[in-house]
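> Just passing along the structure, written as structure tokens.
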Amino acid sequence: MDRIPILKMGPFLLVTIQVDMHDRLAMMLQEDLTGRIAAGGATGVLIDISSLEMVDSFIGRMLGEIAGMSRILGAETVVVGMQPSVAITLVELGLSLKGVRTALNVERGMELLRASVDESEATYGGPGSQR
Amino acid sequence: MAAQAHNAERLPIRAQEDVVLIRQTVRDFAKQLGMSLVDQTKIVTAASEIARNTLIYGGGGWVRIEVLESNPRRGVRLIFEDQGPGIPDIERALQDGFTTGNGLGLGLGGARRLSNEFEIVSRPGEGTRITLIRWKL
Chain A
0 MDRIPILKMG PFLLVTIQVD MHDRLAMMLQ EDLTGRIAAG GATGVLIDIS
50 SLEMVDSFIG RMLGEIAGMS RILGAETVVV GMQPSVAITL VELGLSLKGV
100 RTALNVERGM ELLRASVDES EATYGGPGSQ R
Chain D
0 MAAQAHNAER LPIRAQEDVV LIRQTVRDFA KQLGMSLVDQ TKIVTAASEI
50 ARNTLIYGGG GWVRIEVLES NPRRGVRLIF EDQGPGIPDI ERALQDGFTT
100 GNGLGLGLGG ARRLSNEFEI VSRPGEGTRI TLIRWKL
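The listed protein sequences correspond, in order, to chains A and D. For reference, each letter of the first sequence is one residue, going 0 to 130 in numbering that gives the first Met the number 0. For reference, each letter of the second sequence is one residue, going 0 to 136 in numbering that gives the first Met the number 0.
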């Protein structure tokens, strides 16, 4: 596979990582995602890693960078579905994924994203405000 | 009784795709040994970190993956070798956050934490050999 597909669903971008990524593929995903956010004005990104059997420091760093870059571009990122064995290993590796919001599954991740969109509309005046 | 190694497999580390193949091969070894999912994930993650280091800092090299028997224990042993510039200060390289590249500096220290036994032999200008063992608990 040359690229990880990115799906658009309303204001959100959805990514399901289903392959064991080499580093260049992970970097391409990061570039593709930030490009799509900038071009399409997405307000949320959901990354499903339930198929990933391993997250090492490189993939962990990529997830953190995607979250950071998306935030600057106005989108929240939620990483969902991390396997317990992956979480245990990540912590022992020394990576806490600080700054990355996580949720147990896709459903909860979507709830988080919807809630953060509502919140920012209430704060800054989105379509539902009086401005 | 001395430890005996068998079922060895030797794989090259020349490109990023090789790192993925190494992860998968180490996973197969750990699975065949009947390791728990957490233990499998730990040794695979350690392998990924060291394989990447071998590629980036060592200029590529080889890994030998084998089953190790030291009665009554069994485990997976990984031996990474490169002919790169070597690691001048191993203690410093093992510290979290230390990197000469643009990574997070968690690779060596993290891989050591994820292994039961961990050894680095490095000579400046000659290369580096890193040995990891994870025993089946």
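Think of the CB as a built atom: it goes at the ideal place given N, C-alpha and C, for glycine as much as any other residue.
Residue 4/D bridges to which residues according to DSSP?
67/D
> Going by CA-CA distance only, name the one from 56/A, 68/A, 82/A that's closest to residue 96/A.
Restricting attention to 56/A, 68/A, 82/A, the CA atom closest to the CA of residue 96/A is found in 56/A.
> For residue 64/A, tell me which candidate among 78/A, 2/A, 83/A, 17/A has the shortest Cα-Cα distance.
78/A
> Quick one, are the C-beta atoms of residue 75/D and residue 29/D less than 8 Å apart?
yes
> Using the three-state DSSP reduction, which class does residue 51/D fall into: helix, strand or coil?
Residue state for residue 51/D is assigned as helix, using DSSP reduced to three classes.
> For residue 18/D, verify whether its CB is less than 7 Å away from any heavy atom of the ligand ATP.
Looking at this structure, you won't find the ligand ATP or any other ligand, since it has none at all.
> Taking beta-carbon pairs under 7 Å, can you tell me which members of the segment 71 to 105 of chain D lie near chain A?
95, 102, 103, 105
> Who are the near neighbours of residue 118/D in its chain, counting only those whose CB is closer than 6 Å to its CB and skipping five residues on each side?
In chain order, 130 place their CB closer than 6 Å to the CB of residue 118/D, counting only its own chain and leaving out the 5 sequence neighbours on each side.
> With distances taken Cα to Cα, identify the nearest neighbour of residue 82/D among 96/D, 53/D, 107/D.
53/D
> Applying a beta-carbon distance threshold of less than 9 Å, which residues of chain D neighbour residue 14/A?
Ordered by position in chain D, no residue passes the 9 Å Cβ test against residue 14/A, which lies about 19 Å from the chain.
> Straight-line CA distance for residue 1/D to residue 37/D?
Rounded to whole angstroms, the gap between the alpha carbons of residue 1/D and residue 37/D is 28 Å.
> Counting along the chain, where does the alpha helix (DSSP H) carrying residue 121/D start and finish?
In the DSSP assignment, residue 121/D falls outside any alpha helix (DSSP H) and lies within the beta strand (DSSP E) extending over 116 to 122.
> Report the option in 50/D, 32/D, 5/D whose CA atom is closest to the CA atom of residue 21/D.
50/D
> Give a yes or no on whether the C-beta atoms belonging to residue 50/A and residue 17/A are separated by under 8 Å.
If you check the CB distance, residue 50/A and residue 17/A come in under 8 Å.
> Any idea what DSSP makes of residue 128/A, helix, strand or coil?
The predicted model places residue 128/A with a pLDDT of 46, which falls under 50 and marks its position as unreliable; any figure quoted below should be read in that light. Residue 128/A falls in the coil class under three-state DSSP.
> The beta strand (DSSP E) that contains residue 102/A, what's its start and end?
100 to 102
> Any C-beta of chain D within less than 8 Å: which residues of the segment 36 to 56 of chain A qualify?
Identification of residues in the segment 36 to 56 of chain A having a C-beta nearer than 8 Å to some C-beta of chain D yields 52, 53, 54, 55, 56, given in sequence order.
> Which residues in chain D have a C-beta closer than 8 Å to the C-beta of residue 60/A? List them in chain order.
102, 103
> Please report the distance separating the alpha-carbon of residue 129/A from that of residue 45/D.
Residue placement at residue 129/A is poorly supported in this model, since its pLDDT is 47, which falls under 50; the coordinates still yield a value, given next. Spanning the two alpha carbons is a distance of roughly 54 Å.
> If residue 116/A and residue 43/A are in contact, beta carbons under 8 Å, what's the gap, nearest whole angstrom?
Their Cβ separation, rounded to whole angstroms, is 6 Å, which keeps residue 116/A and residue 43/A in contact under 8 Å.
> Starting from residue 91/D, follow the alpha helix (DSSP H) in both directions and report where the run begins and ends.
Counting along the chain, the alpha helix (DSSP H) containing residue 91/D begins and ends at 89 to 92.
> I'd like the list of long-range same chain contacts for residue 109/D, defined as Cβ closer than 7 Å, with 5 residues on each side in sequence excluded.
Taken in chain order, the residues that qualify are 48.
> Just checking: is the beta-carbon of residue 88/A within a distance shorter than 8 Å of some beta-carbon in chain D?
yes
> Which class does residue 103/D belong to by DSSP, given the choice of helix, strand or coil?
coil
> Between the segment 42 to 59 of chain D and chain A, which residues of the former have a C-beta closer than 7 Å to a C-beta of the latter?
43, 44, 47, 48, 51
> Roughly how many angstroms lie between the CA atoms of residue 105/D and residue 123/D, to the nearest whole one?
Cα to Cα, residue 105/D sits roughly 22 Å from residue 123/D.
> Going by CA-CA distance only, name the one from 39/D, 56/D, 14/D that's closest to residue 128/D.
Of 39/D, 56/D, 14/D, the residue nearest in Cα terms is 56/D.
> Tell me, which residues are paired with residue 75/D by DSSP?
66/D, 133/D
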